[in-house]
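The opening residue of the sequence shown carries number 2 in our numbering; numbering runs sequentially from there.
First comes the structure, then the notes that go with it.
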Amino acid sequence: MARIVKVPTSTTSPRPYEVRWSWYDADGGRKFKKERYRTEREAKAKKREVEDSVAAASLPDYAGGKASLLVWGERWLATKATITKPSTYRSYKAIWDASVEPQWGHRRINSITTAEIQDWITELLQRKLKPPTIRHHVWILGQAFSSAARARAITYNPVKDVELPTDRSVGRLKPEPRFLTADEVELLVAQLDTTYPSTPWGLLVRFTAWTGLRAGEVAGLNIADVDLMHAVVTVRRTRQKRAGEWTTHTPKSGKARTVPLMPWLVDDLTAHLATHPHSTDPAAPFWPGTKPGGYSHGARGSKRPGSRPAGSPDYGSADEPTPWESGTFYRRRFRPAVAAVGLPANPGGGVRFHDLRHTFASLAASKGVPSAQVAVWMGHSSDVITRDTYTHLFTADSARHARDMAAGGRPAKSKTGLTSVTAISASALLGDGRQVAPETWVEVG
């Protein structure tokens, strides 16, 4: 299986002990390998390692270890392309193309060390990348190593021992969600209704703020998903437009959910459906797309085919056959409306469309809705996520429960001034089965 052979040495190869071994691969072909060591002890240790690996059928794939990280990374991405949502795969591929592959793709996967990866992390920090972003980049790199390790091309994943930065370690506060008040939501609604009087854009903002749907879920709604008779909306799918193509997938949670509609929202949506040209088609998009407008791309002053200048009759008008697209709406309708009503609208820290979802959580908490119910409506997998994201919103929950516990006032005293705790209940508190004599009772109050 393995043997040690003493071989001649030279100034260029001063290692006299050579370990030689062979094994059969999965296809039945015999493979040979040899390595040289300075001392007999090192050679014997390698011999034992090889024999143990062969016995356990865990001998590394030496040829695979010589392959580049690009090979193993693309193999991992090919797998993810078939088993993850398209949006998730796109995020993986974007990080791989922009950061991981240019840095490591050309290297043999078995030559990359933990120290080198740690230096790369330091470089990313110096480039002012945020700790959460760096963790994503390192995770993608680690998946390429994991892919190789599962195939036994390497025996160790060097990403496992790196030290990752945190927001706290670099003095960065965790970003907090931004919440709008109901009055601020209505200011936005009024601004959009005034600017685009023949469109449902104002209603769409009010709908999102009072249902908490994600942008992709808003785009994914069909006529059949909005049940005005029972005042609920059912979230069954998401839609996204990338590179001119629409993709449809399940909600983030992987399952459908229902969200209640407020009575005034039911009235507004009823009026919207009355003018919807496809209201009788259950599969038609509930919210329409937007006709092209503005000259936001290309050289200054150039006019793209089909674009419409602000002020023209068709600028920003609804395009009923197509679904609503969040990116265009945010850039050309929502952000200008935010600025017009005096709310912060700069791209780096202003009000985002996603903040309407945060606003829903705030509005629900202000009405006393328990966090567990809000989690269900928002499609969170656990109440823990809701509380972690909106910690300060649900402090009223604990205060209410404390008031409930205190209902009835202070416990009444007996004539002797002692609480009438039974020996058996005190014994249960002690947990050891002992009975408690009356003289050990404690006066309270």
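Every residue, glycine too, gets a C-beta built ideally from N, C-alpha and C.
- Secondary structure of aspartate 228 (DSSP, three-state): strand.
- With a cut-off of 8 Å on Cβ pairs, the stretch 180-195 is in contact with the stretch 349-368, counting three or more such pairs.
- The Cβ atoms of alanine 338 and leucine 205 lie no closer than 8 Å to each other.
- Around the beta carbon of phenylalanine 33, a 10 Å sphere encloses fewer than 16 other beta carbons of the protein chains shown; the residue is thus reported as exposed.
- No Cβ-Cβ contact shorter than 8 Å links serine 148 with tryptophan 97.
- When DSSP states are grouped into helix, strand and coil, alanine 152 belongs to the coil group.
- Beta bridge pairing from DSSP links serine 69 with Arg109.
- In the structure shown, lysine 253 falls within a coil segment according to DSSP collapsed to helix, strand and coil.
- In this structure, tryptophan 247 sits away from phenylalanine 361, with a CB-CB distance that is not shorter than 8 Å.
- Here the alpha carbons of glutamate 43 and glutamate 177 stand approximately 56 Å from one another.
- Distance from the Cα of leucine 274 is smallest, within the candidate group Pro201, Phe330 and Met263, for Pro201.
- Here valine 72 is not near isoleucine 122, since their CB atoms are 8 Å or more apart.
- When the beta-carbon positions are compared, lysine 48 and isoleucine 5 come within less than 8 Å of each other.
- Of all C-beta pairs linking the stretch 261-271 to the stretch 99-111, fewer than three are shorter than 8 Å, placing the two stretches out of contact.
- Per DSSP, the continuous alpha helix (DSSP H) segment holding alanine 365 begins and ends at 356-367.
- Contact annotation: the stretch 74-92 does not touch the stretch 112-119, with fewer than three C-beta pairs closer than 8 Å.
- Per DSSP, the unbroken alpha helix (DSSP H) holding arginine 207 starts and ends at 202-210.
- For serine 23, the beta-bridge partners assigned by DSSP are Phe33.
- Distance from the Cα of threonine 182 is smallest, within the candidate group Val8, Tyr18 and Leu344, for Leu344.
- If you check the CB distance, tryptophan 378 and glycine 203 do not come in under 8 Å.
- The beta carbon of leucine 125 sits closer than 7 Å to those of Ile135 and His138, all from its chain and outside the five residues before and after it, given in chain order.
- Collapsing the DSSP output to three states places valine 160 in a helix.
- Excluding its 5 nearest sequence neighbours in each direction, alanine 346 has C-beta neighbours in its own chain below 8 Å: Arg336, Pro337, Val339, Ala340 and Val352, listed in chain order.
- Apart from sequence neighbours up to five positions away, the residues of its chain that approach arginine 108 with a beta-carbon distance below 6 Å are Leu70, ordered along the chain.
- Valine 8 counts as exposed, since fewer than 16 other C-beta atoms from the protein chains shown sit within 10 angstroms of its C-beta.
- In this structure, leucine 270 keeps its C-beta atom at 8 Å or more from the C-beta atom of valine 219.
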